Amino acid sequence: MSRRLVVVLFLDLVGWTRLAERVDPEPLQQLLEQYYEICSSTVEAHGGVVEKFIGDAIMAVFGADTSQEDDALRALRTAFQIRAEVGDLRTPGADGPPAQIHCGIAAGEALVTRSARAGMRVVGDVVNLAARLQSAAVAGEIVVNRTVADLARRHFVMAPVPPLTLKGKAEPVPAFLVTGVGTGDRAPDGAPMVDRGGERTRLREAYRAVVRDRRSRLVAVLGPPGIGKTRLVAEAVGEFAADGPEPTAVFATCPSYGPTGNQAAVVQVLDALTRQSAPARDLVRTNSRVAAVVTSLRDAALSRRDGNVPGPGVEEASWAVRELLTAAATRPLVVVWDGLEWAGQSLLLFVGGLIDSLPDLPLLMICVARPELAERDVPWVRALHEHDVVDVRPLEPPDSAELAASLVAAGALPDVQAHALDLADRVLVDRATLYGAGNPLFIRLMLESATPGRPLDDIPASITAMVGAMIDRLPAHAQHLLGVASVVGSTFTAAQIALLDEPAPDTAVEFLVQRRLLGTGTEPGEYFFAQQAVHEVAYRRLDKQRRLAWHRRLAEHGVSPGFHFEAAVRLLGELRPDDAELGALAACAAEALLRDGTAALRQRDMPAATDLLERAFALVPPDGSRSVAAIRFSDALMLSGDMSRAVDVVTEVVRTGVNERDRRACMAQQHLLAARQGRIPETTVADLLAELDRDPTDHLAWCRFEQLRVQIHLAHGRFAAAERAVGAALRHARAIGDGYEEDRLLVALCEVRQWSPTPVAEKLAVCAELLDRFAADRFLLVPVLAAQARGLALLGDDCGARAALAEAEAAVDQLRLTMGQVLTDQATGLACSLHGDHVEAERHYRRAADALERFGYVPVALTLRVQAARELASQGTDPATPPVAGERDAARQIVALLDRRDEMDVRGRLLCMSAAVRLGVGGDPDALLGDILSLLERTDDPCLRGDVYVDLAQTHRRLGNDADADAMAGAAIDSYHAVGATRAMRAVKAWT
Amino acid sequence: MPAWSMPAENYRDEPIPASVFEAIDQDWAWGGADGHGVRVCVLDSGVDGDHPLVAPVDRAWHVVTEEGNRIPSVKPCEPQDSAGHGTACAGIIRAIAPRVSLSSIKVLGDGKAGSGAALIAGLSHAIEEGFDVINMSLSTARPEYRNRLAELCDRAYFRRCMLVVAAHNLPIESFPWNFASVISVASHAEPDSMRYYYNATPPVEFCARGIRVPVASPGGGMTRNTGNSFAAPHIAAIAALVLSKHPWLTPFQLKSVLYHCAANVATQGVEGGILLTRITS
């Protein structure tokens, strides 16, 4: 049982029913006999099978057993021949008109089964379609579907007819009337010859050697169908004249089937020789024996000879061809035998005999064939040496793209063209490049079949037919292995294949590698499909039942469970939509995809994460737990910058969720997203809290809710509370073993703690712990290192701080982390400032501010600008720099920043105002002081408070209020002390 | 992505040594410039002179092929553009260099396609008119026009007329963007109109914004469009800015200035420099 591309032909006699009314059964029976005879012998001659006769109707199938790439052509030739031969029959009666047929042909996928009782059966829509097309054809017409038209376009003339509205079909079906036989020649299609320089050079060198040494030589050009062998040889032979004398070049092509293939190719050579070479022509004229052999061979090739009279013997034929070649050898000779994979044993022996018996002729024989030729048991083939073989390999991707692009452009390229991107063209080129896998014919077929409205990843029938035929010609064990491997994926290992318990001998793998259908990976036992089309066609040929079983088995053994469970769910849904297991299988798929998606999220591979999590979310059964998938998907969307979809996903669960917990968790996420956008719904927080209180074990919802609290506290400068909320969220994440949330929260903890009143020593302990945890992921490591450097700098450990910063800088530089750069600049600014290097500190703060501004984070950028200006002001106290200029600049900047204080966060506002007071700028100092004190009430960042108190102390000292100055200095010392910022504390003490 | 463009992802920067003149940076090149005094011609499908994002259009011509006369002639016309392509390009130039004098020569038909003869006539006319910068967001793949176009591009180069030409969007050979006498431009995906990169591996020399670019749309509004067509006008406009500040620059010097100011070229010390090329990994 297999799914395959088949071509189904329906035909019957026109007006049969009326004839049966009119005429006696006896003469009718006689007509039918003749008609059956014509039909069955013609179908058989073209390689088809008559599936059944019903009265005067006949159904025949091509490609049921073994596909041939030209099945559609064979069916059409069959129809033409039957139409002609039946036309010679007369219907019974006095002046009975000639009999006529009408015919429908459709190509498509069908399931071919075989049983002892029913024989072969072809099941599929394609059968009904062929029958309908036949009904639509009037007397003498042959009507085909689009796939047949695609497959036969180069060989038959076709005209579209109005689409057929068929019973049971929603959409009208496009149909084509076959009006005649086309030229079918391989005229150049205008496509450029891409690459192939190496192969051409080798052929030219062979020709040069033949001419120089006057010794005959045979070269084989081998490559898979469509790879461009014929074109390559034609181009190369065309270039031979450039290197010396122009050759007499003759071409012969073996027909792919038919009774007279061997003779046909020989006759093509003979005809071409007598046409092109005057000495050869003279020989036929003057030597009657040669002439007789030529005539006799030609008759045999055209089936004109009576089978009872033997033609010339093999020796005689060889002799005549030798004579002709020798006569023609006044000029160098090139004989090209194309399609030798179709040649019978006798033709191969004939070719070998010729080259052996004519060693001293300037004769280059080029044998063009598929790689299978190498397996033929013929002496000269076995003796082929590496340097006699030109291997035609797939094009490299850039060459494929160039070919595809020039084919696309050739379609309707105007003289001059504007360069606005036609996206459809670009997609077409990319797709043809990918699926064509370096095969020029596939690339062309891909583009030919491209019509608007076709699904993009659909492989055209013409390629399916070619690849299917190629697979059918493989030995059974290799075919089976391709099928098994195709389910695993485009890359697979021997161990994965073994999981399926299917026969997969090593010899089959080796054979496929040899045929270059499979490539080998870097590790032993790793393989990949060399061509995407082979992978897809091999997969599509498996019946769905088997695909389902194998996907499932792979998933259950832990091989990409997300992908394989998902495929199994899809197949089961198609085969048995009501299957009770479907729900459980979908849940497995969702869980596996969620796992993969979360891993991608943790690796910050957003495109992959979004894709996987969307699929996971879609597969969670409506009554299952949807909130985890929804929230992760929402996170992925938010991090990819698609905030509105991020909100939509959770809103949908809130609106439609049947599960209370799902709704709560998603509601928390909704608010969290709103908070991130600066819309902080303090009032709704209370409502949410009331709901959550009902279920203290709903850890996911609580975890997100605490994160919401963090956002709100941060916005208000309440750092201790924010830190507590992070801790609470962390505990909930740990309660459900959620490593993804845990990582995120630990990083958040580091960041929040920069400003919280937790003692520095404690912060550093946590940093050390996290450095271990994130050792493998430097993206997460950077904020921890920055926090560590900050802590160490506050303690006065400059050496340690520098080391941490160096490590962070290296990661930032190597991984190109833009925001990481901001973090390290910020920490470096602080470290330099504490160390008294205000020039460096100013530079780092300024650089961080520039970066943040570029990314649109205005409030934080402004804070950093304030810090940079403060450092500039401090440079005035440094004896190494000219004092006045720096301070004046700083004052100007602070005044400008003061105007924008409403855009700043609490921290920026405080630092800006206190700097203004200290520098004695910015208007009424008392008003500023009032604002500063009320803001100080609201924030609990001890270092920030300390810094502000220091400013105020300096201000009082400048104004001569020594008592106030001392009080403020004391407050600063207390603040620094509370958090253990010893370095800053010492500085204040020294100042007082 | 259009062909020849910078990959949007999976690239790594590879530093290669380069030497740059420290004195020449973006501030020197176009700081404070607005394009005043520079004449830019858009050789395209015409330019809509009424479009608020484009107006005013200084002069406009179209190429006319009269019955019985094989050689097309260039005649003045109203500034109009039914295809919208030229207007989109002109709008990009106007946005970057607001005070340039913009002119149009319509060589494309009402679709986005035209004849080789019209292109040659239009380009020849633009060079005779002595424009400082000519933007060509188009090309031909017909080899029969190659020689004539090459001659014209060389003539422009020697007459101090900078041709800025978009690379083809598909990986095929076409002209004149791959001539050495012009500036060839492909796309990068970053939403920054003033950011462009020097490409050290020819034939494309610069990559400018070309993906989802906001452009003037027919009828007065704005839309987004993608293609090397829209990358070229960014470089044309930046070139116009530079020329408005340093009108004495020859095409050779102008190209060098653009190289110095590219986002991936940085000075290191007084003599040393560094050029980062983006390489797909």
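Here the protein sequences line up with chains A and B, keeping their order. Start counting at 1 in the first sequence, then tack on 68, and there's your number in the numbering used here. Start counting at 1 in the second sequence, then tack on 755, and there's your number in the numbering used here. A virtual CB, placed ideally from N, CA and C, is assigned to each residue, including glycine. The structure presented is a predicted model; accordingly, all values stated were derived computationally and were not measured.
Discussion item. Here's the rule: buried if 16 or more other CB atoms are within 10 angstroms of the residue's CB, otherwise exposed. What is A:Ala872?
Written reply: Stepping through the first sequence from its first residue, residue 872 of chain A is reached at position 804. By the 10 Å Cβ count, A:Ala872 comes out buried.
Discussion item. Considering just the uninterrupted stretch of the beta strand (DSSP E) at B:Arg794, what are its terminal residues?
Written reply: Looking up residue 794 of chain B in the second sequence gives position 39. DSSP places B:Arg794 inside the beta strand (DSSP E), whose first and last residues are 794-799.
Worksheet item: Can you name the start and end residues of the beta strand (DSSP E) that A:Tyr595 belongs to?
Response: Translated into the one-based positions of the first sequence, residue 595 of chain A becomes position 527. That run of the beta strand (DSSP E) goes 594-597.
Worksheet entry | Continuous alpha helix (DSSP H) stretch holding A:Gly795: start and end | Position 727 of the first sequence, counting from 1, holds the residue named residue 795 of chain A. For A:Gly795, the enclosing alpha helix (DSSP H) covers residues 787-803.
Item to complete: Output, in chain order, the set of chain A residues within a Cβ distance shorter than 8 Å of B:Lys867.
Response: The residue labelled residue 867 of chain B in the question sits at position 112 within the second sequence. For the C-beta of B:Lys867, the chain A residues within less than 8 Å are, from N- to C-terminus, Gln485, Ala486, Ala488.
Worksheet entry | Given A:Gly215 as reference, the closest of A:Ala88, A:Val75, A:Leu351 once Cα atoms are compared | Sequence index remark: in the first sequence, residue 215 of chain A carries index 147 (1-based). Here residue 215 of chain A turns out to be Thr, not Gly, going by the sequence shown. It is A:Val75 whose Cα lies nearest to the Cα of A:Thr215.
Practice prompt. On the DSSP bridge assignment, give the partners of B:Val699 in chain order.
Written response: This structure leaves residue 699 of chain B out entirely; chain B is present only between 756 and 1036.
Item to complete: Quick one: grab the DSSP three-state call for B:Tyr953.
Response: Here residue 953 of chain B refers to the residue found at position 198 of the second sequence. It is a strand residue.
Discussion item. Counting only beta-carbon separations shorter than 8 Å, does A:Ser695 have a partner in chain B?
Written reply: By 1-based counting over the first sequence, the position of residue 695 of chain A is 627. Answer no: the Cβ-Cβ gap between A:Ser695 and chain B never drops below 8 Å.
Discussion item. Between the alpha carbons of A:Pro947 and A:Asp866, how many angstroms are there, rounded?
Written reply: The residue given as residue 947 of chain A occupies position 879 in the first sequence. The residue given as residue 866 of chain A occupies position 798 in the first sequence. Summary for A:Pro947: the model assigns pLDDT 49, below 50, so the residue's position carries little reliability; its value from the coordinates is reported in the next sentence. Between the alpha carbons of A:Pro947 and A:Asp866 lies a gap of roughly 22 Å.
Worksheet item: Between the stretch 440-466 of chain A and chain B, which residues of the former have a C-beta closer than 8 Å to a C-beta of the latter?
Response: Close to chain B, meaning a Cβ-Cβ distance shorter than 8 Å, are the following residues of the stretch 440-466 of chain A: Pro466.
Worksheet item: How about B:Asp803 and B:Pro1002: are their beta carbons less than 8 Å apart?
Response: In the second sequence, the residue the question calls residue 803 of chain B occupies position 48. In the second sequence, the residue the question calls residue 1002 of chain B occupies position 247. Taking the C-beta atoms as reference points, B:Pro1002 is found no nearer than 8 Å to B:Asp803.
Worksheet item: What do you reckon, are the CB atoms on A:Ala472 and B:Gly982 nearer than 8 Å?
Response: Looking up residue 472 of chain A in the first sequence gives position 404. Looking up residue 982 of chain B in the second sequence gives position 227. At the C-beta level, A:Ala472 and B:Gly982 stay beyond 8 Å of one another.
Fill in: 7 Å Cβ cut-off: residues of chain B touching A:Pro482
Walking along the first sequence from the start, residue 482 of chain A turns up at place 414. Taking the beta carbon of A:Pro482 as reference, the chain B residues within 7 Å of it are Ala868, Gly869, listed in sequence order.
Practice prompt. Could you pull out every residue in the same chain whose Cβ sits closer than 8 Å to the Cβ of A:Asp691, ignoring the five residues on either side in sequence?
Written response: The residue you call residue 691 of chain A lines up with position 623 of the first sequence. Excluding its 5 nearest sequence neighbours in each direction, A:Asp691 has C-beta neighbours in its own chain below 8 Å: Val726, Asn727, listed in chain order.
Worksheet item: Based on the DSSP secondary-structure assignment, which residues constitute the bridge partners of B:Lys867?
Response: Here residue 867 of chain B refers to the residue found at position 112 of the second sequence. Partner(s): none; B:Lys867 has no beta bridge.
Practice prompt. State yes or no: is the beta carbon of B:Leu798 nearer than 8 Å to at least one beta carbon in chain A?
Written response: Here residue 798 of chain B is taken as the residue at index 43 of the second sequence, counted from 1. By this cut-off, B:Leu798 is not an interface position.
Worksheet entry | Same chain, Cβ closer than 7 Å to A:Pro523, neighbours up to 5 away in sequence not counted | To locate residue 523 of chain A, count along the first sequence from 1; it is residue 455. Summary for A:Pro523: the model assigns pLDDT 49, below 50, so the residue's position carries little reliability, and this model does not support an answer.
Worksheet item: The beta strand (DSSP E) with B:Thr895 in it runs from where to where?
Response: Counted from its first residue, the second sequence places residue 895 of chain B at position 140. Note, B:Thr895: beta strand (DSSP E), 893-895.
Discussion item. Tell me which residue opens and which closes the beta strand (DSSP E) that B:Ile938 is part of.
Written reply: Working through the second sequence from its first residue, we reach residue 938 of chain B at position 183. Counting along the chain, the beta strand (DSSP E) containing B:Ile938 begins and ends at 938-943.
Worksheet item: Can you tell which of A:Ile780, A:Arg841, A:Arg969, A:Leu426 has the C-alpha that lies nearest to the C-alpha of A:Gly807?
Response: Locating residue 807 of chain A in the first sequence gives position 739, where the first residue counts as 1. Ranking the options by Cα distance to A:Gly807, first place goes to A:Arg841.
Fill in: Same chain, Cβ closer than 6 Å to A:Arg1025, neighbours up to 5 away in sequence not counted
Indexing the first sequence from 1 puts residue 1025 of chain A at position 957. Correct list, in chain order: Ala1033.
Worksheet item: Does B:Ala944 get closer than 8 Å to chain A when you measure Cβ to Cβ?
Response: As a working mapping, residue 944 of chain B is identified with position 189 in the second sequence. B:Ala944 does not count as touching chain A.
Practice prompt. Any chance you could list the alpha helix (DSSP H) runs of at least 4 consecutive residues sitting entirely within the stretch 184-217 of chain A, in chain order?
Written response: Inside the stretch 184-217 of chain A, DSSP marks whole alpha helix (DSSP H) runs of 4 or more residues at positions 193-204, from first to last along the chain.
Discussion item. Any beta carbon of chain A sitting closer than 8 Å to that of B:Arg825?
Written reply: What you label residue 825 of chain B is simply residue 70 of the second sequence in a count that begins at 1. For B:Arg825, the answer is no, since every Cβ of chain A falls outside 8 Å of its Cβ.
Worksheet entry | Listed by chain order, chain A residues near B:Ser984 by CB distance under 8 Å | By 1-based counting over the second sequence, the position of residue 984 of chain B is 229. Within chain A, the residues near B:Ser984 are Ala486, His487, Ala488, Leu489.
Discussion item. Against chain A, with Cβ distances strictly below 8 Å, would B:Leu1054 count as a contact?
Written reply: Outside the displayed span of chain B (756 to 1036) sits residue 1054 of chain B, for which this structure offers no information.
Discussion item. Please give the ranges of any beta strand (DSSP E) in the stretch 509-566 of chain A, keeping only runs that are unbroken, at least 3 residues long and fully inside the region.
Written reply: Those beta strand (DSSP E) runs which fall completely within the stretch 509-566 of chain A and span 3+ residues are 559-561.
Fill in: Candidates B:Ala845, B:Ala896, B:Gly846, B:Ile826: closest to B:Gly877 by CA position
Looking up residue 877 of chain B in the second sequence gives position 122. Out of B:Ala845, B:Ala896, B:Gly846, B:Ile826, B:Ile826 has the C-alpha closest to the C-alpha of B:Gly877.
Discussion item. According to DSSP, simplified to helix, strand and coil, what is B:Asn983?
Written reply: Looking up residue 983 of chain B in the second sequence gives position 228. DSSP places B:Asn983 in helix when its eight states are reduced to three.
Worksheet item: Cβ atoms of A:Leu515 and A:Leu496: under 8 Å apart, would you say?
Response: For the purposes of this step, residue 496 of chain A is taken as the residue at position 428 of the first sequence. For the purposes of this step, residue 515 of chain A is taken as the residue at position 447 of the first sequence. Pairing A:Leu496 with A:Leu515 gives a Cβ-Cβ distance under 8 Å.
Item to complete: Pick helix, strand or coil for A:Lys612, following the three-state DSSP scheme.
Response: Stepping through the first sequence from its first residue, residue 612 of chain A is reached at position 544. A:Lys612 falls in the helix class under three-state DSSP.
Discussion item. Using a Cβ-Cβ distance cut-off of 8 Å, determine whether B:Arg903 contacts chain A.
Written reply: Within the second sequence, numbered from 1, the residue matching residue 903 of chain B stands at position 148. False, the Cβ-Cβ gap to chain A never drops below 8 Å.
Practice prompt. Output yes if chain B places a C-beta closer than 8 Å to the C-beta of A:Leu524; else output no.
Written response: Translated into the one-based positions of the first sequence, residue 524 of chain A becomes position 456. With a pLDDT of only 48 at A:Leu524, under 50, the local geometry of the prediction cannot be trusted, and no value is derived from it.
Practice prompt. Check the Cβ-Cβ distances between B:Ser1040 and every residue of chain A, and say whether any is below 8 Å.
Written response: Residue coverage of chain B in this structure runs from 756 to 1036, which leaves residue 1040 of chain B outside it and unanswerable.
Practice prompt. Please go through the same chain and pick out, in chain order, the residues whose beta-carbon is closer than 6 Å to the beta-carbon of A:Gly252, but skip the five residues on each side of it.
Written response: Taking the first sequence and counting its residues from 1, the one referred to as residue 252 of chain A is at position 184. Below a pLDDT of 50, predicted positions are generally treated as unreliable, and A:Gly252, at 49, falls in that range; no measurement from the model is reported.
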